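Going from the sequence shown to the working numbering is simple: count from 1 and add 572. Have a look at the structure below before the remarks.
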Amino acid sequence: MSLFESPFFQDAFSQLESAGATMNMDPNVLERLKYPKRALQVSVPVRLDDGTVKVFEGYRVQHNMTLGPGKGGVRFHPHVSLSETAALAMLMTFKCALVGLPLGGAKGGIKVDPNDLSRAELQALTRRYTTEISMMIGPDKDIPAPDIGTDGQTMAWMMDTYSQLGGYAVPGVVTGKPIAIGGSLGRAESTGKGVVFCINFAYEKLGKKVGTSTTVAIHGFGKVGMPAAQDLDAQGAKIVAISDVSGAIYNPKGLDIPACVEWVRSRKYLKDMPGAELITNEQLLELDVDVLIPAAIDGVVTKDNAHRVKAKMIAEGANGPLTHEAVDIISARGGLIIPDILCNAGGVIVSYFEWVQGLQMFFWDLETVNKKLHDIMKLAFDKVWECSQKYKVNMKQAAFIASLDRIQGAMRLRGMWP
Ligand code: NAD
573 MSLFESPFFQ
583 DAFSQLESAG
593 ATMNMDPNVL
603 ERLKYPKRAL
613 QVSVPVRLDD
623 GTVKVFEGYR
633 VQHNMTLGPG
643 KGGVRFHPHV
653 SLSETAALAM
663 LMTFKCALVG
673 LPLGGAKGGI
683 KVDPNDLSRA
693 ELQALTRRYT
703 TEISMMIGPD
713 KDIPAPDIGT
723 DGQTMAWMMD
733 TYSQLGGYAV
743 PGVVTGKPIA
753 IGGSLGRAES
763 TGKGVVFCIN
773 FAYEKLGKKV
783 GTSTTVAIHG
793 FGKVGMPAAQ
803 DLDAQGAKIV
813 AISDVSGAIY
823 NPKGLDIPAC
833 VEWVRSRKYL
843 KDMPGAELIT
853 NEQLLELDVD
863 VLIPAAIDGV
873 VTKDNAHRVK
883 AKMIAEGANG
893 PLTHEAVDII
903 SARGGLIIPD
913 ILCNAGGVIV
923 SYFEWVQGLQ
933 MFFWDLETVN
943 KKLHDIMKLA
953 FDKVWECSQK
963 YKVNMKQAAF
973 IASLDRIQGA
983 MRLRGMWP
């Protein structure tokens with residue numbers, strides 16, 4: 573597959589072009605941003621438990637590093653491709669710029685279903701992938717983090733592999749590590765927490781408050797969806813539906829979120845959870861709720877189902893869950909969309925904190941992490957809100973414009989080499 577082939581890349585591309593046209597962006601800068609800086613494809617051979625060798629396809633893409641080292645997750649999923657990874661790397665550039673981090677955009681992944689592999693096979697896969705991309709990553713170059721299908725354990729194996737190659741511990745090479753090896757307090761729940769901060773900021777702008785009458789549906793109950801559900805539950809909101817790859821569960825009176833968390837931790841999948849009706853993921857997306865949080869994968873709301881999505885507010889927890897056309901359809905009927913590059917930026921913000929703490933070997937308490945996260949997200953939210961009023965565009969376009977404005981300034985200052 574070529575770089576430009578996936579619908580996800582084309583979608584990111586069209587959002588970029590449309591924001592660039594609205595803000596009258598320098599066409600030379602815009603042209604540069606359409607292409608990643610570097611893309612590496614690797615073959616990752618793994619000896620499986622049965623003695624056979626299987627080769628997996630892996631990627632690392634650095635989109636733009638004008639503002640600092642590359643930053644972006646590593647995804648283990650059967651749909652990973654060069655084009656999808658390039659699109660996600662592009663979104664990381666815009667996300668880091670929007671929230672004011674000294675970081676560029678990158679992304680990586682392996683085309684694999686991690687549920688099909690044993691722990692030993694996963695460890696071998698992760699270590700060989702890290703070795704293959706080791707010339708591209710490093711604390712000053714490009715710093716991976718967890719994404720779909722990867723977690724703190726994956727990051728620990730990546731950190732160890734990179735450190736073994738150098739001969740000394742290099743905690744700054746990845747973020748999202750377990751606390752015992754240099755992770756940051758608050759990183760695990762930071763993306764979900766940031767999503768909930770954004771929902772609250774949006775409610776404030778509308779002169780309302782999240783409370784017991786606020787109904788919520790969450791698509792994807794993983795590292796983003798679960799902590800978002802826990803924070804909204806703690807605020808008293810009524811979470812009527814949640815889902816994972818096995819299906820969605822629904823209870824109009826509100827789900828018992830602590831029980832759902834316990835269920836998933838012990839049994840992995842939601843579908844047999846008692847006390848709720850089983851519905852499909854598609855039905856969940858179309859529920860008549862105050863807030864919908866798509867927090868699973870990209871492209872779940874498109875022009876085909878956008879007309880049936882009734883939520884008043886959509887907080888994009890996942891990267892690219894709504895296509896450009898879906899955003900336009902929902903915005904036209906007055907739905908408020910909090911865009912991914914703002915809404916799910918909590919993860920990269922606390923990853924940045926983790927990187928800084930690791931470089932200084934000085935670690936902060938949870939209160940400091942959460943307060944700094946809140947303040948950065950508030951600044952970014954207000955900037956996007958103001959931009960949307962100034963240009964009379966939806967929040968998605970506004971986020972791209974605010975972000976492009978910062979990148980454009982930096983790229984012009986640095987100039988082009990040679
Ligand atoms: P995860 O693997 O922890 O969880 C994903 C959840 O989505 C799981 O519940 C899974 O069962 C479900 N899911 C997967 N495929 C599905 C499908 N086809 N239909 C319905 N549900 C499906 O992943 P995550 O880290 O929570 O990431 C979710 C999204 O958030 C991704 O788009 C990711 O890029 C984005 N994101 C993650 C972070 C982070 O810090 N983890 C930060 C920013 C953005």
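Note that beta-carbon positions come from the ideal geometry of N, C-alpha and C, so glycine has one too. Just so we're clear, the structure is a prediction, and the values are computed from it rather than from any experiment.
- When the beta-carbon positions are compared, proline 617 and leucine 639 stay at least 8 Å from each other.
- For leucine 612, the enclosing beta strand (DSSP E) covers residues 610–619.
- Taking the Cβ of proline 830 as the reference point, every heavy atom of ligand 1 lies at 7 Å or farther away.
- Counting other Cβ atoms within 10 Å of its Cβ, alanine 692 stays below 16 and is therefore classed as exposed.
- Inter-segment contact for the stretch 916–929 and the stretch 732–748 is present: three or more beta-carbon pairs are separated by less than 8 Å.
- The secondary-structure analysis by DSSP pairs serine 653 with nothing; it has no beta-bridge partner.
- In this structure the stretch 858–877 lies against the stretch 777–796, because at least three pairs of beta carbons, one per stretch, are closer than 8 Å.
- DSSP links serine 586 through a beta bridge to no other residue.
- A straight-line Cα-Cα distance of about 24 Å links lysine 825 and glycine 907.
- Contact between the stretch 831–838 and the stretch 750–758 is absent: fewer than 3 CB-CB pairs across the two stretches fall below 8 Å.
- Counting along the chain, methionine 637 sits inside no beta strand (DSSP E), nor does DSSP assign it H or E at all.
- Just measuring C-alpha positions, the residue of Met988, Ala611, Asp912, Gly918 sitting nearest glycine 630 is Ala611.
- In the structure shown, the three-state DSSP call for tyrosine 924 is helix.
- Runs of the alpha helix (DSSP H) lying entirely within the stretch 952–989, each at least 4 residues long, are 967–986 in chain order.
- Excluding the 5 residues flanking it on each side, tryptophan 957 has same chain C-beta neighbours closer than 7 Å at Lys777, in chain order.
- Between the alpha carbons of serine 574 and serine 655 lies a distance of about 6 Å.
- Per the C-alpha coordinates, the member of Arg880, Lys943, Gly889 positioned closest to arginine 905 is Arg880.
- In the displayed model, tyrosine 822 falls within a strand according to three-state DSSP.
- Unbroken alpha helix (DSSP H) runs of no fewer than 4 residues, entirely contained in the stretch 751–820, are found at 759–777, 797–806, following chain order.
- Counting only residues of its own chain and dropping the five nearest sequence neighbours on each side, leucine 976 has a CB closer than 7 Å to the CB of Ala591, Gly592, Met595, Met597.
- In the three-state reduction of the DSSP assignment, arginine 647 falls in the strand class.
- In the assembly as shown, methionine 707 is an exposed residue. Its beta-carbon has fewer than 16 other beta-carbons within 10 Å.
- Classified as buried, leucine 670 has 16 or more neighbouring CB atoms from the shown chains inside 10 Å of its CB.
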